[in-house]
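Residue numbers (mature numbering (1 follows the signal peptide of the UniProt record, and there is no 0)): -22 to -1, 1 to 81.
For each residue, glycine too, the CB sits at the ideal point set by N, CA and C.
Read the structure below first, then the notes.
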């Protein structure tokens, strides 16, 4: 069963990166995500511009579990179960995709 989750995670990552390249988007300048792994239910997302960001979070099966707009730096993830997620951040026509671990 662990192999299935690993394959699903790799598929979601590959799909996310292939979509990013197809759109011609570049990684967000100065992108920082911490702490990762998340232990207190909050994660902080910083960029050079710190403008409003659209946040999407997907589980390992590719199901979207969160969609929100972040005006500051703090994102509350306390309603997520423990596990591995894919985080996509959109800011000014640029995209950053990262693996996010919730413990």
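When the options are compared against residue i, the one with the closest alpha-carbon
| i | options | result |
| --- | --- | --- |
| residue 30 | 23, 49, 61 | 49 |
| residue 7 | 21, 14, 19, 26 | 26 |
| residue 5 | 79, 69, 77, 81 | 69 |
| residue 38 | 56, 12, 61 | 61 |
| residue 47 | 28, 40, 19 | 28 |
Residues that residue i bridges to, as DSSP identifies them
| i | result |
| --- | --- |
| residue 77 | 64 |
| residue 7 | Looking at the DSSP assignment, residue 7 forms no beta bridge with any residue, so it has no partner. |
Beta-carbon spacing of residue i, residue j below 7 angstroms
| i | j | result |
| --- | --- | --- |
| residue 23 | residue 58 | no |
| residue 67 | residue 33 | yes |
| residue 65 | residue 35 | yes |
| residue 78 | residue 19 | no |
Next item on the list: At 3 residues or longer, and completely inside the region 10 to 66: list those beta strand (DSSP E) runs for me, N to C.
Entry: 10 to 12, 20 to 24, 31 to 37, 42 to 48, 52 to 54
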